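A quick write-up on the structure given underneath.
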Amino acid sequence: MPSCDHCNQPAIYHDVRIVNGVHNTTHLCVEHAYEAGVDVGPVDFASLLRPEESSSAPKSTVTACPDCGMTIAQYKKTSLLGCPACYVTFQDNLINIIAKVQDKHTQHVGRSPSQTNVDADRHIQIRRLLRKLESAVNQEQYEDAAALRDELRELHNSSEQHED
Amino acid sequence: MKIDLKRNCPFNSDNVPNGDVVLSSRARLARNLEGFPFVNRATASDCAEVASLLQKISNTKDKRSALEWVNMDELDTVTTELFVERHLISSNLSNATHPRAIAVGPELSRSVMVNEEDHIRIQSIRPGLQLHEVHADVHQLDMEVEEIISYAFDSQLGFLTACPTNVGTGARFSAMLHLPGLRIIKDLQRIHNACNDMSLAIRGFRGEGSGTIADLFQVSNQVTLGSTEEELCNLLANDFLPPVLEWERKARRVIAEKQRSKLEDQTFRSLGLLQNARLLTSEEAMKCLGNIRLGVCLNVIDNITLPQINQLMIELHPAHLRYTFGKDLPDDEVNRCRATLIRNIVDS
Ligand SMILES: [Zn+2]
Ligand SMILES: [Zn+2]
């Protein structure tokens, strides 16, 4: 576990900022976090993630998110997830963390997005297909690539019709 | 973009409900786009694509309330810092180099930050206790954004955010409180206890030194999951604040009655300092304005109004001073200009 940037106490506050394209990490102990005026909250993130205390959790430290490549080890360093799919990938680890930081709540009860946007959804689908196509070509899986290309073409056609 | 500090200042308003205790109310919604990595794992081209998708937000029909789109790279340093001082953007967003933008209302109270910790941070800030109004502001922007993109959403966890502490509604409501009465009668512990009981976070407004400046405290909801936006807003606006306003007002009445000379001395001493000082640090100015604020609320003086004090508490920051007195103002001139700005108001 990292210690405080200003003293040798164990850090309870961890913060990552992207400054000029590089990640700047801050670790602070209770006292220095309070002195810095940061909102520490009721939770000790670090202790949640200490391996000896999460032994009951599945061994997912080697699992990487299929969409963004994030691993749980990387998450532990930054307390930031990499993409929406990380919530599915690291579900088992995250649910306990979420319950702790969210006062035992694990179910959303607020509003849902009212309608899905057709254009935006098509945009996302195209991005996903392009990414799959790229990896299919890289791995020389040409049959898959051809099928993906057909799918892309269909999407493009339907978007043209949509614009009429 | 052109900013007129008098016209664009939401704090220079006569409509300041419960302004004796509440300086400002703020609402913020964190959102992300489906299909893109979060900003901390996004490439520059991902960020540029997110920004270009969101740019449509500034094309609303009503031109008077339309948001103006500003790419952060095109904004000069002074205006960028001015936005940070107004809490329209975070210092995080101002220092980064990846493609990022802000869409901001002409009144400088509503904004949509693009590519901060989350792709989208919708925000509104108003003077006094107007939590339901700022909620309505951000909700309307939320609906407008939703029409042009797809949000990352999960039926169990709600709106998905880079940090699990924002997941669910992604909503953070906060109020900036002036609590000199409770500090003087040594009853601030009561506020801390109430915050603890209600899962609210409280932090003192801090300057360069340690300790709370001018008895200002910011209170906000800690939990974002398991309640609706409305419930979170009500927790602060309807459950927490009404008793707190009463405690603070009662403390002030006790002070006005039992410690009259001390109150008058503190008020006139601070006024005299601001009327005569030729160099003022922001910390000293804030402290004096805080004292005068209490004096104004208890009718000790009427040289200055609450909206004037509220506006000065914003305009005394360095970027605001540079905006008024010249963008090249050297650091050692800032304290002199601050004293001039404040003297012009408290002397008239
Ligand atoms: Zn420390
Ligand atoms: Zn991911």
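Line by line, the protein sequences are chains A and B.
Using my numbering, read the first sequence as starting at -12 and increasing by one per residue.
Using my numbering, read the second sequence as starting at 1207 and increasing by one per residue.
Using N, Cα and C, we set each Cβ at its ideal position, and we do this for glycine too.
These numbers were taken from a predicted model, which means no experiment stands behind them.
**Q.** Cutoff 7 Å; reference residue 1332 (chain B); Cβ partners in own chain excluding five residues on either side
**A.** Translated into positions along the second sequence, residue 1332 (chain B) becomes position 126. Taken in chain order, the residues that qualify are 1216, 1230, 1231, 1315, 1339 and 1340.
Q: Closer than 7 Å by beta-carbon distance: list the chain A residues that pair up with residue 1481 (chain B), in chain order.
A: For this step, residue 1481 (chain B) is matched to residue 275 along the second sequence. Contacts between residue 1481 (chain B) and chain A, judged by CB atoms closer than 7 Å, are missing: the closest CB pair is about 31 Å apart.
Q. Should residue 55 (chain A) be listed as close to ligand 2, given that the test is whether its C-beta is under 7 Å from any heavy atom?
A. Stepping through the first sequence from its first residue, residue 55 (chain A) is reached at position 68. Answer for residue 55 (chain A): yes, Cβ within range of ligand 2.
Q.
Tell me the residue span of the alpha helix (DSSP H) that contains residue 1547 (chain B).
A. Here the question's residue 1547 (chain B) lines up with position 341 in the second sequence. It spans 1537 to 1553 - the alpha helix (DSSP H) in which residue 1547 (chain B) sits, taken as one unbroken run.
Q) Counting only beta-carbon atoms, is residue 1429 (chain B) nearer than 8 Å to chain A? A) Residue mapping note: residue 1429 (chain B) aligns to position 223 of the second sequence, counting from 1. For residue 1429 (chain B), a Cβ of chain A is located within less than 8 Å of the residue's own Cβ.
**Q.** Against chain A: residues of the region 1252 to 1266 of chain B by CB proximity under 9 Å
**A.** Within the region 1252 to 1266 of chain B, 1255 and 1259 place their CB atoms closer than 9 Å to a CB of chain A, listed in sequence order.
Q: Would you kindly report the start and end of the unbroken beta strand (DSSP E) that includes residue 1491 (chain B)?
A: Translated into positions along the second sequence, residue 1491 (chain B) becomes position 285. Premise fails: residue 1491 (chain B) lies in the alpha helix (DSSP H), 1488 to 1503, not in any beta strand (DSSP E).
(Q) Mapping the DSSP letters down to three states, classify residue 1484 (chain B) as helix, strand or coil. (A) On the second sequence, residue 1484 (chain B) is found 278 positions in, with the first residue counted as 1. It is coil, neither helix nor strand.
Q | DSSP three-state assignment for residue 33 (chain A), whether helix, strand or coil | A | Counting from one through the first sequence, the residue named residue 33 (chain A) turns up at place 46. For residue 33 (chain A), the predicted structure reports a pLDDT of 43, less than 50, and the residue's modelled location is therefore unreliable. A value from the coordinates is still provided. Residue state for residue 33 (chain A) is assigned as helix, using DSSP reduced to three classes.
(Q) Under 7 Å: does the beta carbon of residue 1369 (chain B) sit that close to some heavy atom of ligand 2? (A) Here residue 1369 (chain B) refers to the residue found at position 163 when the second sequence is read from its first residue. Outside the cutoff, so no.
**Q.** C-beta atoms of residue 1402 (chain B) and residue 1325 (chain B) nearer than 8 Å
**A.** For the purposes of this step, residue 1402 (chain B) is taken as residue 196 along the second sequence, with counting starting at 1. For the purposes of this step, residue 1325 (chain B) is taken as residue 119 along the second sequence, with counting starting at 1. For residue 1402 (chain B) and residue 1325 (chain B), no; Cβs fall outside 8 Å.
Q: Starting from residue 1297 (chain B), trace the alpha helix (DSSP H) both ways and give me its first and last residue.
A: Here residue 1297 (chain B) is taken as the residue at index 91 of the second sequence, counted from 1. Note, residue 1297 (chain B): alpha helix (DSSP H), 1297 to 1301.
Q) The alpha helix (DSSP H) spanning residue 1455 (chain B) covers which residue range? A) Looking up residue 1455 (chain B) in the second sequence gives position 249. 1447 to 1464 is the span of the alpha helix (DSSP H), which, as asked, contains residue 1455 (chain B).
Q) Which residues does DSSP pair with residue 1233 (chain B) in a beta bridge? A) If you number the second sequence from 1, residue 1233 (chain B) lands on position 27. Looking at the DSSP output, residue 1233 (chain B) bridges to B:1330 and B:1379.
Q: Please check the pair residue 1278 (chain B) and residue 1299 (chain B), which I expect to be a contact at CB under 8 Å, by giving their CB distance rounded to whole angstroms.
A: Along the second sequence, read from residue 1 onward, the residue named residue 1278 (chain B) stands at position 72. Along the second sequence, read from residue 1 onward, the residue named residue 1299 (chain B) stands at position 93. A Cβ-Cβ distance of about 7 Å is found for the pair residue 1278 (chain B) and residue 1299 (chain B), placing them in contact under the 8 Å criterion.
Q. Along chain B, in chain order, which residues have C-beta atoms closer than 7 Å to that of residue 95 (chain A)?
A. Here residue 95 (chain A) refers to the residue found at position 108 when the first sequence is read from its first residue. Against residue 95 (chain A), the close residues of chain B are 1362, 1363, 1364, 1374 and 1431, in the order they occur along the chain (beta-carbon pairs closer than 7 Å).
Q) So with Cβ pairs under 8 Å, would you call residue 1381 (chain B) a contact of chain A? A) As a position in the second sequence, residue 1381 (chain B) is number 175, starting the count at 1. Cβ-Cβ to chain A under 8 Å: no for residue 1381 (chain B).
Q.
In whole angstroms, give me the CA-to-CA distance for residue 1537 (chain B) and residue 1528 (chain B).
A. On the second sequence, residue 1537 (chain B) is found 331 positions in, with the first residue counted as 1. On the second sequence, residue 1528 (chain B) is found 322 positions in, with the first residue counted as 1. Taking the CA atoms as reference points, residue 1537 (chain B) sits about 10 Å from residue 1528 (chain B).
**Q.** Residue burial classification, residue 1167 (chain B) (beta-carbon count within 10 angstroms, cutoff 16)
**A.** Absent from the model: residue 1167 (chain B). The displayed extent of chain B is 1207 to 1554, so no value can be given.
(Q) By the three-class DSSP mapping on this structure, what secondary structure does residue 1403 (chain B) have? (A) By one-based count along the second sequence, residue 1403 (chain B) stands at place 197. In the three-state reduction of the DSSP assignment, residue 1403 (chain B) falls in the helix class, which pools H, G and I.
Q.
With a threshold of 7 Å (Cβ to nearest heavy atom), would residue 72 (chain A) be considered close to ligand 2?
A. Residue mapping note: residue 72 (chain A) aligns to position 85 of the first sequence, counting from 1. For ligand 2, a non-hydrogen atom lies closer than 7 Å to the CB of residue 72 (chain A).
(Q) Our contact map puts residue 1358 (chain B) next to residue 1246 (chain B) with C-beta atoms below 8 Å; I'd like the distance itself, whole angstroms only. (A) Counting from 1 along the second sequence, the entry for residue 1358 (chain B) is found at position 152. Counting from 1 along the second sequence, the entry for residue 1246 (chain B) is found at position 40. No, residue 1358 (chain B) and residue 1246 (chain B) are not in contact; Cβ-Cβ is about 14 Å, not under 8 Å.
Q | residue 1373 (chain B) to residue 1407 (chain B) span [Cα, whole Å] | A | Looking up residue 1373 (chain B) in the second sequence gives position 167. Looking up residue 1407 (chain B) in the second sequence gives position 201. Rounded to the nearest angstrom, the gap between the Cα atoms of residue 1373 (chain B) and residue 1407 (chain B) is 17 Å.
Q) Which residue from B:1347, B:1453, B:1420 and B:1551 puts its Cα closest to that of residue 1393 (chain B)? A) Taking the second sequence and counting its residues from 1, the one referred to as residue 1393 (chain B) is at position 187. Residue B:1453 is the option with its Cα nearest to residue 1393 (chain B).
Q) Relative to ligand 2, is the shortest distance from any of its heavy atoms to the C-beta of residue 1241 (chain B) smaller than 7 Å? A) Against the second sequence, residue 1241 (chain B) aligns to sequence position 35. Answer for residue 1241 (chain B): no, Cβ out of range of ligand 2.
Q | 8 Å contact criterion, which residue 82 (chain A) and residue 93 (chain A) should meet: CB distance rounded | A | In the first sequence, the residue the question calls residue 82 (chain A) occupies position 95. In the first sequence, the residue the question calls residue 93 (chain A) occupies position 106. Taking a contact as a CB-CB distance under 8 Å, the pair residue 82 (chain A) and residue 93 (chain A) counts as one, their CB atoms being some 6 Å apart.
**Q.** 9 Å Cβ cut-off: residues of chain A touching residue 1473 (chain B)
**A.** Counted from its first residue, the second sequence places residue 1473 (chain B) at position 267. Those do not exist, as residue 1473 (chain B) stays about 27 Å from chain A at its closest Cβ, beyond 9 Å.
Q.
Between B:1327, B:1355 and B:1356, which has its C-alpha nearest residue 1343 (chain B)'s C-alpha?
A. Taking the first residue of the second sequence as position 1, residue 1343 (chain B) is located at position 137. Out of B:1327, B:1355 and B:1356, B:1327 has the C-alpha closest to the C-alpha of residue 1343 (chain B).
Q.
In whole angstroms, give me the CA-to-CA distance for residue 1553 (chain B) and residue 1542 (chain B).
A. As a first step, residue 1553 (chain B) must be located in the second sequence, where it is residue number 347. As a first step, residue 1542 (chain B) must be located in the second sequence, where it is residue number 336. Computed Cα separation, rounded: 16 Å.
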